[in-house]
């Protein structure tokens, strides 16, 4: 759940940041994808940490 939420949040934030900086469509898409991957990885680590602490 943290992974999906992180990916969605990252895509939204990345796209908004690129649009704010005046990027074209492909720039916005690239920022959205990269931020989604970064935030999904952070969500994965949070999921692993929560799972390890609950056992």
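Numbering (our numbering), first residue to last: -19 to 35.
Virtual Cβ for every residue (Gly too), placed ideally from N, Cα, C.
The model shown is predicted, which means the values in this text are computed figures rather than measured ones.
Cα-Cα separation, residue i to residue j
{"i": "residue 20", "j": "residue -16", "result": "7 Å"}
{"i": "residue 1", "j": "residue -14", "result": "22 Å"}
{"i": "residue 4", "j": "residue 22", "result": "27 Å"}
{"i": "residue 13", "j": "residue 28", "result": "22 Å"}
{"i": "residue -8", "j": "residue 32", "result": "29 Å"}
{"i": "residue -11", "j": "residue 35", "result": "28 Å"}
{"i": "residue 30", "j": "residue 10", "result": "30 Å"}
{"i": "residue 6", "j": "residue -6", "result": "12 Å"}
Beta-carbon separation (whole angstroms), residue i vs residue j, contact threshold 8 Å
{"i": "residue -2", "j": "residue 8", "result": "4 Å"}
{"i": "residue -18", "j": "residue 18", "result": "So it is not a contact: roughly 14 Å between Cβ atoms."}
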